[in-house]
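If you count by full-length UniProt numbering, then the sequence shown holds residues 1 to 661, one letter each, in order.
The structure under discussion appears below in the form of structure tokens.
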Amino acid sequence: MSDDSNIPLSHIVKCHGKSIASLLLEIEKNQKPQCKYLDFINELECLAIYEGSSEGPRLKRQTINAFKEQHYVALSYTWDTSDQENPRKGKYMVETRDKSQYFPSPVRDCVFDRVFSFMRAKGLGLLWIDRHCVKQKVCNNNGMCPHKRCKEKQRAVETMDLVYSLSKHPVALLGKPIEWEDEVDLLFKILDRQLVKRFAETSHQEILQALRLLSRITKDRWWTRAWTFQENYRAGVDMTLLIPHPQFLEAKKQGYRIFSDIPKELCIKSVDFCEASTEFCLAVQAQMPQRDDISQHTKSIFQVIGKYTLLLDKSMSMTPKVITDIQTRGLSDAWDKLAIIANCCQYALRMNHKEMQTPKSLSVSILAMCLLNGEILLNGSREDPFSMLEKTISQYLEDQAFKWFCAPRRKSDLTFNKGCRFVDVQFRPSGIETKGHLWKLGRIIDTARFRLPLPKVDKSSCSLSENEQQRLTQLAAELRLLGETSVASQIEKFLNHDPNRQGETFKSEPFSRQYLCLMAEELAAAIEKGKLLRLGRVWNSPEEEVPSSAIFVWDSDNTERNIQGISQNINNNSKRGRRPKKEYAFTASRPLKRGSQQQGTNDLDHHVSLEVEWPLSRKQDPHSLPRLYVKRWAVGMCFFYGIARREVIFPWPSTFQTVIP
1 MSDDSNIPLS HIVKCHGKSI ASLLLEIEKN QKPQCKYLDF INELECLAIY EGSSEGPRLK
61 RQTINAFKEQ HYVALSYTWD TSDQENPRKG KYMVETRDKS QYFPSPVRDC VFDRVFSFMR
121 AKGLGLLWID RHCVKQKVCN NNGMCPHKRC KEKQRAVETM DLVYSLSKHP VALLGKPIEW
181 EDEVDLLFKI LDRQLVKRFA ETSHQEILQA LRLLSRITKD RWWTRAWTFQ ENYRAGVDMT
241 LLIPHPQFLE AKKQGYRIFS DIPKELCIKS VDFCEASTEF CLAVQAQMPQ RDDISQHTKS
301 IFQVIGKYTL LLDKSMSMTP KVITDIQTRG LSDAWDKLAI IANCCQYALR MNHKEMQTPK
361 SLSVSILAMC LLNGEILLNG SREDPFSMLE KTISQYLEDQ AFKWFCAPRR KSDLTFNKGC
421 RFVDVQFRPS GIETKGHLWK LGRIIDTARF RLPLPKVDKS SCSLSENEQQ RLTQLAAELR
481 LLGETSVASQ IEKFLNHDPN RQGETFKSEP FSRQYLCLMA EELAAAIEKG KLLRLGRVWN
541 SPEEEVPSSA IFVWDSDNTE RNIQGISQNI NNNSKRGRRP KKEYAFTASR PLKRGSQQQG
601 TNDLDHHVSL EVEWPLSRKQ DPHSLPRLYV KRWAVGMCFF YGIARREVIF PWPSTFQTVI
661 P
């Protein structure tokens with residue numbers, strides 16, 4: 001099977017005659033570390049233009065260390081010629097790698113004309129363009145090729161996303177021009193938020209014209225390709241869009257002062273364009289929800305340039321949306337989706353599809369890569385497994401990915417959520433095996449009934465404010481009154497930590513310290529609001545009881561979520577003082593793996609803190625692994641120094657065990 005990523009999972013199960021779980025176990029063998037070949041970045045080939053030759057402009061090769069020298073243009077463009085572009089080529093002569101001669105570039109002249117116009121206006125001298133800065137002459141071998149040149153190209157392709165993320169001047173060339181004065185006017189009104197601010201005063205005709213303009217811009221070929229999606233995503237806030245326009249619009253453009261002064265180009269930050277366009281479309285949806293022509297425009301615009309921070313709830317993961325967006329883009333080789341997803345989601349593991357046995361499934365390979373990198377699925381859902389199998393892989397992930405993360409107030413929500421992943425994942429016939437600490441939840445603490453006054457504090461700790469230190473010092477004192485001296489001592493030790501003192505436990509674990517500081521702030525805020533807290537003790541075996549060494553916020557925003565994700569109101573009055581039932585939490589964390597001087601890892605910090613269900617806890621065989629089901633996110637401080645992590649199993653969703661004859 002070639003590309004099955006847009007067909008229902010049921011077809012894949014039927015075609016292979018195996019369950020999704022069985023296919024995942026087979027595909028797991030084809031994982032490999034995501035390696036960024038840093039020599040490619042340390043010795044990044046760029047081009048500098050030399051226009052003094054009588055034979056026309058010449059492009060000379062120059063090598064830079066892109067980790068240190070980032071003032072180069074990383075060009076994003078489509079190799080195919082758009083209908084509005086002049087296909088002529090050969091004007092620019094490019095230096096060979098041995099620097100012995102020049103050859104005419106196969107890149108369209110208009111591509112170089114436009115990017116060098118931008119560079120002259122910005123005072124930039126170096127250009128990175130994949131067609132000439134990555135070796136292109138390789139074998140047409142779909143498998144693993146032993147040739148040095150082929151390996152070098154493969155390594156460059158796997159590392160290319162760093163070229164865009166490191167550049168201070170990534171630039172995208174759109175082909176469809178802005179052709180009329182009223183289009184410039186409309187684009188300015190969209191970017192300046194005038195249409196949103198004055199929505200009630202704006203005619204339906206002008207709103208429709210603005211939507212049609214955005215639809216036309218987003219149908220540009222540059223927006224439709226998966227590789228350019230990666231380039232835009234990895235370039236982030238620095239990516240600049242260049243949209244061509246005829247000469248007669250120059251004065252109109254200059255009058256608005258937001259489009260820069262590049263001749264015959266509208267110069268717009270990609271993030272600004274996407275954000276302003278999304279805000280406008282959301283306003284349109286809110287004010288004009290019933291019109292089919294409107295909804296078709298807004299839906300198609302969201303699919304191309306929808307800003308995640310505006311479209312996604314702050315408690316969600318971006319991963320399903322990233323995968324959906326990549327799915328809708330074009331690729332000459334559909335299996336390249338694996339590399340693009342891995343780069344955009346910052347996966348440390350990727351799937352080596354070239355060594356997979358046939359028949360192979362792209363959908364299950366995408367799913368395997370997500371799960372091996374720690375993405376969290378709802379595994380206790382009561383959904384009908386057969387109806388869930390009628391979804392494509394991207395639809396399934398949108399539906400079943402965990403959606404109730406709780407980012408600290410000081411962190412960007414979606415960025416924090418990106419790191420909320422299991423660690424050290426392995427597939428087992430029964431489910432996902434991962435490592436961490438399992439906590440048996442115990443005493444509920446009602447902070448609204450604290451008896452002691454707020455103490456005075458005079459020692460600065462971490463990033464905590466004076467009020468936050470007071471709240472946590474008060475908490476430690478209240479815990480001592482309750483006989484919970486172990487966790488009280490841990491909180492006091494945390495507050496008394498001197499970052500300048502040698503030999504401290506936290507000194508060698510900056511990530512753990514930083515994460516604890518974030519959780520401490522959340523705990524202090526919960527105390528100030530009079531919320532419930534709950535103690536936890538590490539679970540090792542039914543017979544072994546240890547003192548409490550974790551404390552969680554227990555009634556976040558007065559809602560709980562069951563394993564089906566349904567919000568349930570809590571009566572805090574009935575919950576206060578009652579005897580708690582057996583409940584558990586699972587936590588895990590690890591700092592990003594940095595790799596070596598030669599190979600980067602594409603990794604990020606991982607952290608998980610979940611309330612879980614353990615239905616068979618009373619019947620637990622001491623020799624088998626706990627089988628846990630995801631319930632909700634649990635914010636809290638956990639102290640587990642000297643306590644080894646243990647393996648647990650998160651059983652497969654029932655959908656994954658289904659076989660269709």
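Don't be surprised by glycine CBs; every beta carbon is placed ideally from N, CA and C.
Everything numeric in this text was worked out from a predicted model, so none of it was measured.
The beta carbon of Leu592 sits closer than 6 Å to those of Asp603, Leu604 and Asp605, all from its chain and outside the five residues before and after it, given in chain order. Close CB contacts of Leu213 within its chain, under the 7 Å cut and outside five residues either way in sequence, are with Glu183, Leu186 and Leu187 (chain order). Following the DSSP letters along the chain, one finds Glu478 inside the alpha helix (DSSP H) bounded by residues Glu466 to Leu481. Judged by beta-carbon spacing, Phe112 lies within the 8 Å limit of Tyr92, meaning their Cβ atoms are closer than that value. Along the UniProt domain "Heterokaryon incompatibility" (72-231), the beta strand (DSSP E) occurs as fully enclosed runs of 3 or more residues at 73-76, 93-95, 102-104 and 169-173, listed in sequence order. In the displayed model, Leu592 falls within coil according to three-state DSSP, outside both helix and strand.
Within the model, the alpha-carbon separation for Gln136 versus Ile129 is close to 12 Å. With a cutoff of 8 Å on beta-carbon distance, Cys150 and Tyr233 are scored as not near each other. Secondary structure note for Ile649: its beta strand (DSSP E) is the uninterrupted segment Arg646 to Pro651.
Counting the other CB atoms within 10 Å of its CB gives Tyr641 a total below 16, which places it among the exposed residues. In this structure, Leu59 is the residue among Leu59, Thr415, Val115 and Lys418 with its C-alpha nearest to the C-alpha of Tyr50.
Bridge partners of Ile445 according to DSSP: Leu533.
Along the stretch 249-298, the alpha helix (DSSP H) occurs as fully enclosed runs of 4 or more residues at 250-256 and 270-287, listed in sequence order.
DSSP places Ile20 in the helix class (H, G or I) of the three-state scheme. Taking C-beta atoms under 8 Å as the contact rule, Ser317 and Asn379 fail to qualify, at a distance of about 15 Å. Here Cys46 carries a strand assignment [DSSP, helix/strand/coil]. Taking 8 Å as the cut-off, the beta carbon of Ala524 is found no closer than this to the beta carbon of Leu441. Taking C-alpha positions only, Gln34 is separated from Leu338 by approximately 11 Å.
Spanning the alpha carbons of Cys420 and Gly175 requires a straight line of approximately 39 Å. Less than 8 Å divides the Cβ of Phe427 from the Cβ of Leu24. If you check the CB distance, Leu242 and Arg131 do not come in under 8 Å. Runs of the beta strand (DSSP E) lying entirely within the stretch 340-369, each at least 3 residues long, are 349-351 in chain order. Membership of Gln327 in the alpha helix (DSSP H) is indicated by the continuous run Thr319 to Gln327.
If you compare the alpha carbons of Lys456, Ile27 and Leu9 with that of Leu389, the shortest gap goes to Leu9.
Shortest Cα-Cα distance from Gly431 to any of Trp180, Ser260, Arg61 and Glu647 involves Glu647. Counted as a single uninterrupted DSSP element, the stretch harbouring Phe494 is not any beta strand (DSSP E) but the alpha helix (DSSP H) occupying residues Thr485 to Leu495. Between the stretch 202-218 and the stretch 248-262, the count of Cβ pairs shorter than 8 Å is below three; the stretches do not touch. According to the DSSP assignment, Ser387 belongs to the alpha helix (DSSP H) that extends over Pro385 to Met388. If you draw a straight line from the Cα of Ser361 to the Cα of Leu195, it is about 46 Å long.
Within 10 angstroms of the beta-carbon of Phe67 lie fewer than 16 other beta-carbons, which makes it exposed. For His11, the secondary structure class from DSSP, reduced to helix, strand or coil, is helix. Here Asp555 is buried. Its C-beta has 16 or more other C-beta atoms within 10 Å. Spatial neighbours of Ala488 in its own chain (CB-CB distance under 6 Å, excluding positions within 5 residues in sequence) are listed in chain order as Ala476, Leu479 and Arg480. In the structure shown, Val304 falls within a helical segment according to DSSP collapsed to helix, strand and coil. Where Ser394 is concerned, the enclosing alpha helix (DSSP H) starts and stops at Ile393 to Gln400. Nearest to Glu45 by C-alpha distance, out of Gln62, Pro57 and Glu55, is Gln62.
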